Structures are given as structure tokens and as C-alpha cells.
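A short worksheet on the structure shown next.
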Amino acid sequence: MDVEVARLIGAGIAVLPLFGVGLGLGKLFASLTESIARNPSASSDLKSNGILSFALIESIALLSFVVAMIILFAV
């Protein structure tokens, strides 16, 4: 197998976690919206926890993207 083909396959595998990130963000915001609708008085606590969770989930997407770019262009 050619090295270029192996790099492209590796980069494709490196971005597979983006599927899980999309599912996780969808679940996060769906449950956040439902929780705020059920208890509007706890909105500020829920929003701060939601923003923290969003940042942690999104960091996985950024990390997988950086790894894919490193595989494509630096190796």
C-alpha cells in the first residue's frame, strides 16, 4: 500500500470521533432545553453546566481535527 493512501485512511479514521461529538452535542442541548423548560428557576445553574459540558465535548472534536491535519500535512 502506498504511503499517501495510508495517510488518507489514517486521517479518515482520525475524524471518526466527530460522529460521537455530534451525537453528544445533540443529546446535551436536547436535555438542557428540556430541563430548563421543566424548571426555569434553575436556568442559570443549568446553563453554566451546559456551557462547561459543551466546551469539553467540543474539545474532542478539535483534538481529532488537529490529529487528522497532523497526519495529512506533517507526517
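Mapping of the sequence shown onto my numbering: position 40 corresponds to residue 60, and the numbering continues sequentially without gaps. C-beta atoms are modelled at their ideal positions from N, C-alpha and C, and glycine is treated no differently. Quick caveat: nothing in here was measured; it's all calculated off a predicted structure.
In the structure shown, residue 22 adopts coil according to DSSP, grouped into three states. Under the three-state reduction of DSSP output, residue 36 falls in the coil class, being neither helix nor strand. Note that the stretch 24 to 33 touches the stretch 84 to 92; at least 3 beta-carbon pairs, one per stretch, sit closer than 8 Å. Annotated as distal: residue 52 and residue 72, with beta-carbon spacing of 8 Å or more.
Scanning its chain for C-beta atoms nearer than 7 Å, with the 5 sequence neighbours on each side dropped, one finds around residue 48 the residues 70, 73, 74 and 77, in chain order.
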